[in-house]
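**Student:** Just so we're aligned, residue 0 is where the sequence shown starts under numbering that gives the first Met the number 0, counting upward by one.
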Amino acid sequence: MAPLEGLRYAGTVVACSNRTTGKMSSFWIYIRRRAKVVSRRARELRMIWRGLVSTDHPVMAHIVPIRRCNLTCAYCNEYDSTSKPVLVGTMLRRIDRLAALGTTVITISGGEPLLYPDLDFLIRRIRHHGIIAGVITNGYLLTPERIHRLNRAGLDHMQISIDNVTPDDVSMKSLKVLDRKLQMLAEHAEFHVNINSVVGGGVRNPEDALAIGRRAVELGFTSTVGIIHDATGQLRPLSGKEREVFLAMRKLEKSSYAQINYFQDDVAQGRPHIWQCRAGARYLYVCEDGLVHYCSQQRGYPAKPLEQYSLEDIRREFLTRKPCAAYCTVSCVHQVSYMDFWRAPQTIRPCSRTQPAAPANEPIVQIQSIGR
Ligand code: SF4
Ligand code: SF4
């Protein structure tokens, strides 16, 4: 592709050609982007307001319409290579149920959600309910045409995780492979794009995260850094070099986008982070079988069908202490839990599927984890 002649509109790079049509089209993309930013901000403020006023609804839910993925990242326990897509009618009913529970953000993940044939229907249904719609993808299947369809469906947020600069035996989510896709997004996307890079176990060159973050900011996207966790979502301690890169990335984040990831400062130093995980209440992970779990890394509890998930479940889990919280690196659950840090100390100990919730003086039963 010809190098971008960058027109920078309030932090967004828009590619343009010298031709008048190119300039006109960039202009209209810019106008539509600004209109969508205003609409999205209004809905985000509403989400925060509702979250502050009441604790009786989920702030965010992740749904999985397909477990299959086109990649095989070595550290990942969230994919397989055989699953069929969930029927679209079933997925629409799940979205309706989440809306009935008062959910304010629904993010579609996987597996690889761009493999799901009816993804646009799901996004439209989420937006029909006034809910903020997000997608987490590896980006491989993006084309200009696909991006325009996502624009038309009303997508609000997209997150792409990039693990390294050049592909290796751990991950093919590489800047070298995906840079062309990022340029397409810079040119065509009307939704917000965040590029997440990672430090920690398995990533060969920690400096790659910085190169990825800088490229993201250069293209007008926001950039975050994650810390690779083990199979249960727990911290793998960072080496000295990894910690250095992590801290440099945090500075990059602050210069580009106000990120709510304060827990990472403790986690990067190997210190326990004191917080109240509100998974099962403010955050729901709904797997491809339609069961509600705490999060992607603690599948197995409560493992209750979404259609039976009730206000009683939300209230119980809001007050249930999670034994895996101190070294947890699951950032989306941290983010939604910040909203309630100041209220309702957690007094219920967790239980397994075979035991009821225990009073505070009973020993903690380890949450079950299902690896894939
Ligand atoms: S990390 Fe993402 S892209 Fe990689 S295998 Fe897992 S689901 Fe697929
Ligand atoms: S603390 Fe919460 S988000 Fe983190 S692994 Fe445990 S249940 Fe999941």
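Glycine included, C-beta positions come from ideal geometry on N, C-alpha and C.
Comparing the CB of Y308 with every heavy atom of ligand 2, is any distance shorter than 7 Å?
**Tutor:** No - ligand 2 has no heavy atom lying nearer than 7 Å to the Cβ of Y308.
**Student:** Just list the residues that DSSP pairs N69 with in beta bridges.
**Tutor:** BP columns for N69 are empty, so no partner.
**Student:** Tell me whether K250, by its Cβ, gets closer than 7 Å to a heavy atom of ligand 2.
**Tutor:** Because no heavy atom of ligand 2 lies under 7 Å away, the Cβ of K250 does not count as near it: no.
**Student:** Between the Cα of P84 and the Cα atoms of L140, L113, F317 and R320, which residue gives the shortest distance?
**Tutor:** That would be L113, whose Cα lies nearest to the Cα of P84.
**Student:** Please go through the same chain and pick out, in chain order, the residues whose beta-carbon is closer than 6 Å to the beta-carbon of K35, but skip the five residues on each side of it.
**Tutor:** Once the five neighbours on either side are set aside, the close Cβ partners of K35 are E189.
**Student:** Restricting to runs no shorter than 3 residues, where is the beta strand (DSSP E) found entirely within the segment 125-175?
**Tutor:** Listed in chain order, the complete beta strand (DSSP E) runs (minimum 3 residues) inside the segment 125-175 are 131-136 and 156-161.
**Student:** Between K321 and ligand 2, is the CB less than 7 Å from at least one heavy atom?
**Tutor:** Checking every heavy atom of ligand 2 against the Cβ of K321, one is found closer than 7 Å.
**Student:** Please report the residue range of the beta strand (DSSP E) in which M338 lies.
**Tutor:** First-last for M338: undefined, no H or E at that position.
**Student:** Do three or more CB pairs link the segment 321-332 to the segment 299-311 at distances below 8 Å?
**Tutor:** Counting Cβ pairs under 8 Å, fewer than three are found: no touch.
**Student:** Distance, Cα to Cα, S25 vs A185?
**Tutor:** Rounded to the nearest angstrom, the two C-alpha atoms are 11 Å apart.
**Student:** Do you know offhand how far L70's Cα is from K180's?
**Tutor:** Between L70 and K180, the C-alpha separation is close to 16 Å.
**Student:** Could you check what DSSP says for H56 in three-state terms: helix, strand or coil?
**Tutor:** Three-state DSSP puts H56 in coil, outside helix and strand.
**Student:** Where does T89 fall in DSSP's three states?
**Tutor:** T89 falls in the helix class under three-state DSSP.
**Student:** Between which two residues does the alpha helix (DSSP H) harbouring I313 extend?
**Tutor:** Taken as a continuous stretch (DSSP letters only), the alpha helix (DSSP H) holding I313 covers L310 to F317.
**Student:** Tell me whether W27 is buried or exposed, calling it buried when 16 or more other Cβ atoms sit within 10 Å of its Cβ.
**Tutor:** Exposed, since its Cβ has fewer than 16 Cβ neighbours within 10 Å.
**Student:** With 16 as the cutoff for other CB atoms within 10 Å, does W341 come out buried or exposed?
**Tutor:** So W341 ends up on the exposed side.
**Student:** CB V198 to CB A210, shorter than 8 Å?
**Tutor:** Not closer than 8 Å, so no.
**Student:** Whole angstroms are fine: how far does the CA of I226 sit from the CA of E241?
**Tutor:** Each residue's alpha carbon lies about 10 Å from the other.
**Student:** For the putative contact between D167 and R203, defined by C-beta atoms under 8 Å, what is the C-beta separation to the nearest angstrom?
**Tutor:** That belief holds up - the Cβ atoms of D167 and R203 are roughly 6 Å apart, short of 8 Å.
**Student:** Could you tell me whether the Cβ atoms of P57 and I347 are closer together than 8 Å?
**Tutor:** Going by C-beta atoms, P57 is not nearer than 8 Å to I347.
**Student:** Quick one: Cα of N150 to Cα of R123, how far?
**Tutor:** Going from the Cα of N150 to the Cα of R123 covers about 10 Å.
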